[in-house]
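**Q**
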Amino acid sequence: MKHSRPALLAALLFAAATLPWWAGNQYQLHLATLISAYWVLIGGLNLVVGYAGQLSIGHVGLLAIGAYCFAILAGAHGVHPALAVAAAGALCGLCGLLLGLPSLRLPGFYFAMATAAFSLIVTEMSLALGGLTGGGVGIAVPAFPPPFDTPQGFYYLCAGAALLVTWLTGNAARGTWGRGLIAIRDSQVTAQAVGVPVFRAKLVAFVASGIAAGLAGALFGALQSYITPDTFPFDLGLFFFVCIIIGGRGSIVGPFVGTAVLTALPELVAPLAKLGTFFYGLLLLVVVLLVPEGIGRLVEAAIRRFRPAREESVPVRPDLARLAAAIREGRG
Amino acid sequence: MDGLLIAIVSGVANGAVYGATALAYNAMFSTSKVLSVTTGHLAMLGGVFGAWFITALGVPAWLALALAIAVGALFGLLTELIAIRRVLARSDEHLWLLSTLALATMVSQAVGLWWGTEPKPFPRLIAQDDTAGPLDQKYWLPVLVALLLAGLLELFYRRTLYGKLFVAMSEDAFAARARGIPTDLVRAASYALAGAMGALAGFAAAQLTFAYFAIGLTLTLNGFIALAVGGLGSNPGALVGGLVLGVLSAVTTYFIGGEFQQTVAVGLLMIVLLVRPQGLFGHPDVRPV
């Protein structure tokens, strides 16, 4: 398994880099761009849900804030898009901080409800502040400047952002912080006992996911080119959450595959699109009841069964002569 | 002045629906220590199925009520069988949240696909013209039902042997099992009971809320806020919490406008959790290590 990882990764990267050439049509390219934009958010959310085990179902609210912030700054005020993206990230990080400060102290169900309520509040606000957000009519989102104004260019921008998020979360997850977050997920009391700063770790992960959601919001808004409060339904937040749970908690590849499959599947299989969110609910129920570790873990287990890892034996060969000499010396 | 009166009356009525939802939360929580995301959807089922039985099938109102309650009880039972029993046996903290969330999503989407995503009016239950103003049945029916439910639950828990099984299980499920109480059966019964209660509340309130698939989520959230404000596990607290939430959001709607209802509700939740985390009538819980 270990030695095939870099090859697989390189193949994936190559496929992603050459996608505009082999994608059958513009629509598939659009889908790939959408998956990348979603992954920017889900990759960040993965730290909160998959690693720290805090069940946030309302990240769509942060996505909406990021998209509106980008649309208003870059569109109405003519700020340079790069600055507007940075502002969207910063604003969503701040919102994540403000939301996380009270709600991350709460136990699981309370936290989930607080985040769900947050996404409903954002919808209410975007309707109420009509002067800023266009209310129910919505607001146009400007495209990125060249070279990112073509579908191909924009795809590379989104894919680059997705890659960056993957790299950052991968690094964070492998280090001390990631281990601490996993400890919090598995047992908060134990984590506290061994010295993990529980609240601070959760808050940092949550703010990081907020920043990622802001960036994703800017990309997602530019991809949609026109946003209304209906662009950000509560179900979308549920979708992000389901992608991670189905992919498997505590992994990065699993949720990515979950995102790609769940985004593409309803678009490619028409009957599923009609079922929409019902299908996500069903999938979530099946996964929770049958494979609570996620499908990614199942695949890993299957691979291990068919290709059992070589038993590595390290024979111990004590240097008897030297030992004897040392003992003799000690006596003497 | 008249407008404010109507606002307060409708706030009390909405608060009664939140309170009744919180009662259903409590009934399920007491036996399983699970806060089910499906709770608000029980009331939604009561409203939608009530409207369907009366308008589409032409069933008389009393029979429609009985059938709607049966649908709610059945869904409660299914919740326990599908989403709770297996998951509790595996004893992972978060899994019940995921499984009930999945089931709640499925039922609300299924109703949306079948019934339509537009709110539909609920027929009048009692002959009454539209000039009664604050005395209209859509305001006092939910209040009556919420009070009735709380009273009957209290009688059931205190005066009947079956009720005492529920109480015993909520005190200590393991001790109850050791004493020979069939805990799985009692838990299933409590879910069916909560389903019936939720459906009854939803049926009575549907003239106010309309038969609408999306009120399930709203009620899950607001019923939970009522519960957290009143104190988890306390039935009088559930009613008081619902009343506070309903009147508060009605009054802010009257003075500021309806755009900030959810914000006010969550603000109330946050303030109560910061000042008195166990709620108005709750007991501070000791964290087991």
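Read top to bottom, the protein sequences are chains L and D.
Going by my numbering, the first residue of the first sequence is number 555, and it counts up by one from there.
Going by my numbering, the first residue of the second sequence is number 90, and it counts up by one from there.
Where a beta carbon is used, it is the ideal one built from N, C-alpha and C, also for glycine.
Since we're looking at a predicted model, the values are computed, not measured.
Is it true that the CB of D/A354 sits closer than 7 Å to the CB of D/P231?
**A** For the purposes of this step, residue 231 of chain D is identified with residue 142 of the second sequence, where counting begins at 1. For the purposes of this step, residue 354 of chain D is identified with residue 265 of the second sequence, where counting begins at 1. Going by C-beta atoms, D/P231 is not nearer than 7 Å to D/A354.
**Q** So if I threshold CB-CB distances at 9 Å, which residues from the segment 837–850 of chain L count as touching chain D?
**A** Of all residues in the segment 837–850 of chain L, L837, L838, L839, V840, V841, V842, L843, P846 have a Cβ within less than 9 Å of some Cβ in chain D.
**Q** Is the beta carbon of L/G615 closer than 7 Å to that of L/C646?
**A** As a first step, residue 646 of chain L is located in the first sequence; it is residue number 92 there, counting from the start. As a first step, residue 615 of chain L is located in the first sequence; it is residue number 61 there, counting from the start. Not in contact: L/C646 and L/G615 (Cβ atoms no closer than 7 Å).
**Q** Taking L/A577 and L/A586 to be in contact with their CB atoms under 8 Å, please state how far apart those CB atoms are, rounded to whole angstroms.
**A** Here residue 577 of chain L is taken as the residue at index 23 of the first sequence, counted from 1. Here residue 586 of chain L is taken as the residue at index 32 of the first sequence, counted from 1. With 8 Å as the limit, L/A577 and L/A586 qualify as a contact, their Cβ atoms being about 7 Å apart.
**Q** With H, G and I counted as helix, E and B as strand and the rest as coil, what does DSSP make of L/Y780?
**A** On the first sequence, position 226 is the one that residue 780 of chain L refers to. In the structure shown, L/Y780 sits in a strand (DSSP, three-state: E or B).
**Q** For D/H130 and chain L, any beta-carbon pair shorter than 7 Å?
**A** Position 41 of the second sequence holds residue 130 of chain D. Answer no: the Cβ-Cβ gap between D/H130 and chain L never drops below 7 Å.
**Q** Rounded to whole angstroms, what is the Cα-Cα separation between D/R179 and D/M195?
**A** The sequence position of residue 179 of chain D within the second sequence is 90, counting from 1. The sequence position of residue 195 of chain D within the second sequence is 106, counting from 1. One C-alpha to the other measures close to 23 Å.
**Q** Tell me, please, whether the segment 750–762 of chain L touches the segment 681–689 of chain L by the rule of three or more beta-carbon pairs shorter than 8 Å.
**A** Contact fails: fewer than three Cβ-Cβ distances are below 8 Å.
**Q** Along chain D, in chain order, which residues have C-beta atoms closer than 7 Å to that of L/L601?
**A** Here residue 601 of chain L corresponds to residue number 47 of the first sequence, with the count starting at 1. Under the 7 Å cutoff, chain D gives no residues; its nearest Cβ is about 16 Å from L/L601.
**Q** Is any beta-carbon of chain D found at less than 7 Å from that of L/T831?
**A** Position 277 of the first sequence, counting from 1, holds the residue named residue 831 of chain L. L/T831 counts as touching chain D.
**Q** Residues of chain D with a CB under 9 Å from the CB of L/P656: which are they?
**A** In the first sequence, counting from the first residue as 1, residue 656 of chain L sits at position 102. Here the neighbours are M359, L362, L363.
**Q** Helix or strand or just coil, what does DSSP make of D/M227?
**A** Numbered from 1 along the second sequence, position 138 holds the residue referred to as residue 227 of chain D. First, the amino acid is wrong: residue 227 of chain D is Lys here, not Met. Looking at D/K227 - three-state DSSP - the assignment turns out to be helix.
**Q** Pull up the CB-CB distance for D/A315 and D/A327, whole angstroms please, since I reckon it's below 8 Å.
**A** Looking up residue 315 of chain D in the second sequence gives position 226. Looking up residue 327 of chain D in the second sequence gives position 238. Their Cβ separation, rounded to whole angstroms, is 6 Å, which keeps D/A315 and D/A327 in contact under 8 Å.
**Q** From L/L567 to L/I738, what does the alpha carbon distance come to, in whole angstroms?
**A** Residue numbering aside, residue 567 of chain L sits at position 13 when the first sequence is read from its first letter. Residue numbering aside, residue 738 of chain L sits at position 184 when the first sequence is read from its first letter. So the alpha carbons of these two residues sit roughly 32 Å apart.
**Q** For the putative contact between D/L236 and D/Q226, defined by C-beta atoms under 8 Å, what is the C-beta separation to the nearest angstrom?
**A** Taking the first residue of the second sequence as position 1, residue 236 of chain D is located at position 147. Taking the first residue of the second sequence as position 1, residue 226 of chain D is located at position 137. In fact, because the Cβ distance is near 15 Å, the residues do not count as touching under 8 Å.
**Q** By DSSP, does D/A300 sit in helix, in strand, or in coil?
**A** Within the second sequence, numbered from 1, the residue matching residue 300 of chain D stands at position 211. The answer is strand: DSSP assigns D/A300 an E or B state.
**Q** Would you kindly work out how many angstroms separate the C-alpha atoms of L/A641 and L/G848, rounded to a whole number?
**A** By 1-based counting over the first sequence, the position of residue 641 of chain L is 87. By 1-based counting over the first sequence, the position of residue 848 of chain L is 294. Near 35 Å, if we compare the C-alpha coordinates of L/G848 and L/A641.
**Q** Would you mind listing the alpha helix (DSSP H) stretches within the segment 150–199 of chain D that are 4+ residues and don't spill past its ends, in chain order?
**A** As far as the segment 150–199 of chain D is concerned, its whole alpha helix (DSSP H) runs of at least 4 residues are 150–168, 174–179.
**Q** Assess contact between the segment 201–210 of chain D and the segment 842–856 of chain L, defined as three or more Cβ pairs (one per stretch) separated by less than 8 Å. Is contact present?
**A** No, because fewer than three Cβ pairs between the segment 201–210 of chain D and the segment 842–856 of chain L fall closer than 8 Å, the two stretches do not touch.
**Q** What residues in the segment 687–713 of chain L have a beta carbon less than 9 Å from any beta carbon of chain D?
**A** Going along the segment 687–713 of chain L in chain order, one finds no residue with a Cβ nearer than 9 Å to chain D.
**Q** What are the residues of the segment 606–620 of chain L that lie near chain D, defined by any Cβ-Cβ distance shorter than 9 Å?
**A** Taking 9 Å as the Cβ-Cβ cut-off against chain D, the residues of the segment 606–620 of chain L that qualify are G607, L609, I611.
**Q** Which residues in chain D sit within 8 Å of L/G801, going by Cβ to Cβ distance?
**A** Your numbering for residue 801 of chain L matches position 247 in the first sequence. Within chain D, no residue comes near L/G801; the closest Cβ sits about 14 Å away, beyond 8 Å.
**Q** Once you ignore the five residues that flank D/A96 on each side, which residues in its own chain have a CB closer than 8 Å to its CB?
**A** As a first step, residue 96 of chain D must be located in the second sequence, where it is residue number 7. Only A339, V340, T342, Y343 meet the Cβ criterion.
**Q** So the candidates are L/M667, L/K756, L/S610, L/L819; which of them puts its Cα closest to the Cα of D/T128?
**A** The sequence position of residue 128 of chain D within the second sequence is 39, counting from 1. Cα-wise, what sits closest to D/T128 is L/M667.
**Q** Any idea which residues DSSP pairs L/A694 with across the strands?
**A** Position 140 of the first sequence, counted from the first residue, corresponds to residue 694 of chain L. BP columns for L/A694 point to L/Y780.
**Q** Which of the residues in the segment 196–229 of chain D, read from start to end, lie with their CB under 9 Å from any CB of chain L?
**A** So the list reads V196, S197, Q198, A199, G201, L202, given in the order they occur along the chain.
**Q** Select from L/R882, L/I799, L/S867 the residue whose C-alpha is nearest the C-alpha of L/L874.
**A** Here residue 874 of chain L refers to the residue found at position 320 of the first sequence. With distances taken between Cα atoms, L/L874 lies closest to L/R882.
**Q** 7 Å is my cut-off, CB to CB: does D/G262 come that close to chain L?
**A** Counting from one through the second sequence, the residue named residue 262 of chain D turns up at place 173. Going by the sequence as given, residue 262 of chain D is Ala instead of Gly. It does not: the Cβ of D/A262 has no partner Cβ on chain L nearer than 7 Å.
**Q** Could you check whether L/I781 and L/V676 sit closer than 7 Å to each other, using their CB atoms as the reference points?
**A** Counted from its first residue, the first sequence places residue 676 of chain L at position 122. Counted from its first residue, the first sequence places residue 781 of chain L at position 227. Cβ atoms of L/V676 and L/I781: not closer than 7 Å.
**Q** Using a Cβ cut-off of 8 Å, which residues of the segment 659–671 of chain L contact any Cβ in chain D, in chain order?
**A** Listed in sequence order: L660, G662, F663, Y664, A666, M667, A668, A670, A671.
**Q** D/Y280 and D/G165 - do their beta-carbons sit closer together than 7 Å?
**A** Working through the second sequence from its first residue, we reach residue 165 of chain D at position 76. Working through the second sequence from its first residue, we reach residue 280 of chain D at position 191. Yes; because the gap between Cβ atoms is below 7 Å, this pair is in contact.
**Q** How close, in whole Å, do the beta carbons of D/M286 and D/L224 come, if the pair is a contact with beta carbons under 8 Å?
**A** Walking along the second sequence from the start, residue 286 of chain D turns up at place 197. Walking along the second sequence from the start, residue 224 of chain D turns up at place 135. Not a contact, Cβ separation roughly 25 Å.
**Q** Since D/G104 contacts D/L334 with CB under 8 Å, what's their CB separation in whole angstroms?
**A** Stepping through the second sequence from its first residue, residue 104 of chain D is reached at position 15. Stepping through the second sequence from its first residue, residue 334 of chain D is reached at position 245. Yes, D/G104 and D/L334 are in contact; Cβ-Cβ is about 6 Å, under 8 Å.
**Q** Under the DSSP definition of a beta bridge, which residues are partnered with D/K209?
**A** Against the second sequence, residue 209 of chain D aligns to sequence position 120. For D/K209, which the question treats as bridged, DSSP gives the partners D/A300.
**Q** For chain D, find out if any of its Cβ atoms is closer than 7 Å to the Cβ of L/L674; answer yes or no.
**A** Residue numbering aside, residue 674 of chain L sits at position 120 when the first sequence is read from its first letter. Closer than 7 Å: yes.
**Q** Going straight from the alpha carbon of L/G724 to that of L/L718, what length do you get?
**A** Against the first sequence, residue 724 of chain L aligns to sequence position 170. Against the first sequence, residue 718 of chain L aligns to sequence position 164. Whole-angstrom Cα-Cα distance: 10 Å.
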